[in-house]
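Numbering (the working numbering), first residue to last: 4 to 188.
Printed below as a string of structure tokens:
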């Protein structure tokens, strides 16, 4: 029985699985998104998220620990230089898994795993959406001031309507168009 064991062996030996996850993590860091099977994507998420968290602290020790997992100097450099700066204030959840259609050959469940901060589609929506704050109750001060505020708003609206009506009633000088004859041509 496998009670409480979280590791998905993925049908591979330990050394093969570690090498595969290291290569997939390097590819994810380099390309910002990769397409793989759903089981591998979930295993990769558990592998790469602690590595990204470790990259927030840019010390020699943390670089060496991350290098022991990834085994790729260029990937480690990109992780600490670019990705760590983008995820500096994010408290986890650096990857997103999106399910795709099943693979044609063997009907395996496919997924797209990507770094959250590098997706332009979701990033634009998140920036444009403003946080709504709704309050269920009103304070007693606002309740007392509400009729007075409504009276002030209606008075301002009537004054604006009267001034706009006066501006519309004043005749403007007609615009004179110059013809070719007036210009002397």
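Yeah, the Cβ is synthetic: ideal placement off N, Cα and C, and Gly gets one too.
Using beta-carbon positions only, say whether residue i and residue j come within less than 8 Å of one another.
i: residue 24; j: residue 54; result: no
i: residue 90; j: residue 120; result: yes
i: residue 79; j: residue 66; result: yes
i: residue 47; j: residue 28; result: yes
i: residue 86; j: residue 118; result: yes
i: residue 7; j: residue 56; result: no
Rounded to the nearest angstrom, how far is the Cβ of residue i from that of residue j, given a contact under 8 Å?
i: residue 115; j: residue 36; result: 6 Å
i: residue 113; j: residue 38; result: 6 Å
Roughly how many angstroms lie between the CA atoms of residue i and residue j, to the nearest whole one?
i: residue 14; j: residue 44; result: 15 Å
i: residue 58; j: residue 122; result: 20 Å
i: residue 3; j: residue 103; result: Any property of residue 3 remains undetermined from this structure, which presents the chain solely from 4 to 188.
i: residue 97; j: residue 4; result: 32 Å
i: residue 136; j: residue 60; result: 34 Å
i: residue 62; j: residue 101; result: 33 Å
i: residue 222; j: residue 11; result: With the chain covering 4 to 188 only, the question about residue 222 has no answer from this structure.
i: residue 52; j: residue 139; result: 38 Å
i: residue 20; j: residue 71; result: 15 Å
i: residue 83; j: residue 30; result: 15 Å
i: residue 49; j: residue 124; result: 24 Å
i: residue 88; j: residue 81; result: 10 Å
i: residue 99; j: residue 32; result: 13 Å
i: residue 111; j: residue 105; result: 5 Å
- Item | Sequence ranges, alpha helix (DSSP H) only - wholly within the region 10 to 76, length at least 4 | 17 to 34, 41 to 58, 63 to 73
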